[in-house]
Amino acid sequence: MENTENNQSDAEIPSAKLEEAEGPVIFYNDKVIDHFTNPRNVGEMEEGSCDGYSLVGDPECGDQMKLWIKVEKGRIEDIKFKSFGCPGAIATSSMATVLAKGTSLDEAKHLSDDDVVEAFEGIPDHKKHCSMMGVNALHAAIRDYEQKQKCPGK
Amino acid sequence: MIYLDYNATTPVHPEVIKAMIPCFAEQFGNPSSFYRIGREAKARLHHARAKVAACIGAHTDEIYFTAGGTESDNMAVRGIARLLKERGNHIITSSVEHHAVFKTCAALEKEGFEVTFLPVDSGGRVDPDALSKSITSRTILVSIMAANNETGVVQPVEEIGAITEEKNILFHTDAVQAVGKIPIDVTCLKADLLSLSGHKLYGPKGVGALYIKKGISVEPMLTGGSHERNLRAGTENVAGIVGLAEAVCMAKDTLDDESRRLCLLRDRLEEGLAENVPDICINGSDAPRISNTSNITFMGVDGESILLHLDLKDIYASSGSACATGSAEPSHVLRAMGIGKREAQSSVRFSLGKETTGADIDVTVNAVSEIIRKLRMISSI
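Residue numbers (this note's numbering), protein chains in the order written: chain A, 3 to 156; chain B, 98 to 478.
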């Protein structure tokens, strides 16, 4: 009987299966590659036009991210980010901003790294920690905004 | 495709393949068999051993074939440590060794050996005086690489060999990245043990050799048959060994011309990038280097992101640090040279080889310049 697995060319083995058998494979799907090569909402905001700001780092790998939000009537009106990091960090940060833009602050607070991974229909397992950074930066910027609302002088 | 990762591995040279092919199905005998086809296989093995020996200035019976550079390094470091543990428990190595030596020494440390990991200067070089001073009455082995895989920096191995000879301590050098790129002669180096690998010099993967000077022994790691004069059990990989020998000879024959050619190309790459990309640092450029290797820090951008952009353009390079597991440390080699964690994370290695052309270099310079501009626009640093 033919062994179909052995007849598969190397390139045809699904990456998840390859990873399970042979160890980590850095493989990103087209959606991740798209956000990596054309990240959305890249940029900065002037201090005057920004309502919340955060600077977060991923202590595990040295990645770093800055994020700005503009809030209008309890909604994230605009969002900008800049990021130093691996492809996984850049793509997931981009996706986090896309998911957050236009949502209410309450919805944005509930956005999780799983939502980011789901929006990509999966990212490599060993890159999942990268998806935390965008979400962490978003939550930190919202906290900064709320702090400023409480103490407007600061 | 533009392949600039020859320090990772090389394509097998067509002449090497030609030499190997008869060994698979036609001349398949086991060198240990007494009948004709076995004797013929043994003769081929001997011929290959003589060729490798001649290329590095050794005697035929000082060459032991292994399954690669990592095994050669393990066989040397572990084998000497275990054999001489009654005499002493101190090993001296450097903080920029390949993991095959670095982690083997770290494992021996856990077994009770005392290991000195010598620091390097900002150029990536070990100081022979510091090495000399770290020798104690308990020192049994010094293991310092000939050329570094990540930066190409060449260690002062001749000076180190002179020190170890004078102090009567065994000297092993991991020459996996050096053989075929710079002249390597075990008598000039005064090396007692030397590791080399096939697939770094256009030979096959899964085969390497360890030179062990006559009169020195190691404790074998594999037990079994009496192959390789009782030091490495297991039926010999005849095809691989024949290929390795062919590759080592060819690399030696073409060494002068090829290293000159690659040096010009490497300079073209570095000058091109220095002209077009601000804020870069060429690591190890003040030290002598093998001519094919360039390790560059691009401030403010992540190495892996550069590599993926290059990959998407069908250009292949590598970095010593990949954020692959979530806890991956940036290159221990760059860190040992005093380069910051973030700068180390921002570094890429280009290693050139036989197929590299001037046009490849120009395309790469343009591609890298564009990629860095793009990533710096995104960068938060």
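Using N, Cα and C, we set each Cβ at its ideal position, and we do this for glycine too.
Compute the Euclidean distance between the alpha carbons of ILE313/B and SER391/B, then round it to the nearest angstrom. 37 Å
Taking 9 Å as the CB-CB cut-off, is ILE35/A touching chain B? yes
Do we get a CB-CB distance below 9 Å when we pair LYS438/B with the residues of chain A? yes
Beta-carbon proximity of ILE189/B to THR236/B, cut-off 9 Å: yes
Provide the residue span of the alpha helix (DSSP H) that contains LEU409/B, from first to last. 400–409
Within the same chain, show all residues whose beta-carbon is closer than 7 Å to that of ALA421/B, passing over the 5 residues directly before and after it, in chain order. For ALA421/B, the predicted structure reports a pLDDT of 42, less than 50, and the residue's modelled location is therefore unreliable. A value from the coordinates is still provided. Excluding positions up to five away in sequence, the list is empty.
Taking only three categories from DSSP, how would you classify VAL430/B? helix
Any beta carbon from chain B within less than 9 Å of VAL137/A's own beta carbon? no
So that I know if they touch, is there some Cβ in chain B lying closer than 9 Å to that of GLY64/A? yes
Go ahead and pull the three-state DSSP assignment for GLY187/B. The question names Gly, but residue 187/B is His in the sequence shown. DSSP places HIS187/B in strand when its eight states are reduced to three.
Could you list the residues in the stretch 35–49 of chain A with a C-beta less than 8 Å from some C-beta on chain B, going in chain order? ILE35, PHE38, THR39, PRO41 and VAL44
Length of the line joining the Cα atoms of ALA110/A and LYS72/A: 13 Å
Terminal residues of the beta strand (DSSP E) in which LEU307/B lies: 305–309
Please classify GLN66/A: does DSSP put it in a helix, a strand, or coil? strand
The alpha helix (DSSP H) spanning VAL345/B covers which residue range? 335–373
Quick check: SER85/A and GLN66/A, are their CB atoms within less than 9 Å of each other? yes
Leaving aside the five residues before and after PRO317/B along the sequence, list all residues of the same chain whose C-beta is less than 6 Å from its C-beta, in chain order. LEU328
Between the CA atoms of ILE99/B and VAL118/A - distance to the nearest angstrom: 34 Å
Which of helix, strand or coil does DSSP assign to ASN31/A? coil
Using DSSP with H/G/I as helix, E/B as strand and the rest coil, what is ARG146/B? helix
Would the stretch 102–119 of chain B count as touching the stretch 288–301 of chain B if we require 3 or more Cβ pairs under 8 Å? yes
Look up HIS196/B in the DSSP assignment and say whether it is helix, strand or coil. helix
Here's the rule: buried if 16 or more other CB atoms are within 10 angstroms of the residue's CB, otherwise exposed. What is TYR482/B? Beyond the ends of chain B as shown, which are 98 and 478, falls residue 482/B; an answer cannot be given.
Can you tell me whether LYS264/B is buried or exposed, with buried defined as 16 or more other CB within 10 angstroms of its CB? exposed
Can you pull out the residues from the stretch 399–419 of chain B whose beta carbon lies closer than 8 Å to at least one beta carbon of chain A? ASP399, GLU401, SER402, LEU405, HIS406, LEU409 and ALA419
Does DSSP put ALA244/B in a helix, a strand or coil? strand
Helix, strand or coil for ARG473/B, going by three-state DSSP, please let me know. helix
Can you give me the Cβ contacts of ILE241/B inside the same chain, cut-off strictly under 7 Å, excluding the 5 residues immediately before and after it? THR190, SER191, VAL223, GLN252, VAL254, ILE257 and THR270
As a quick exercise: from ASP226/B, VAL335/B, ILE266/B and GLY277/B, pick the residue whose alpha carbon is nearest that of CYS120/B. VAL335/B
Check whether the Cβ of SER85/A lies closer than 9 Å to any Cβ atom in chain B. yes
Using Cβ-Cβ distances below 7 Å, what residues of the stretch 79–110 of chain A are close to chain B? LYS84, SER85, PHE86, GLY87, CYS88, PRO89 and ILE92
Tell me the residue span of the alpha helix (DSSP H) that contains PHE131/B. Here PHE131/B belongs to no alpha helix (DSSP H), and DSSP marks it neither H nor E.
How far does the alpha helix (DSSP H) with ASN171/B in it reach, from first residue to last? 166–180
Just list the residues that DSSP pairs CYS378/B with in beta bridges. THR394/B
Rounded separation between CYS202/B and GLU49/A - CA only: 53 Å
So which of LEU366/B, ILE266/B, SER448/B and LEU290/B has the shortest CA-CA distance to ALA243/B? LEU290/B
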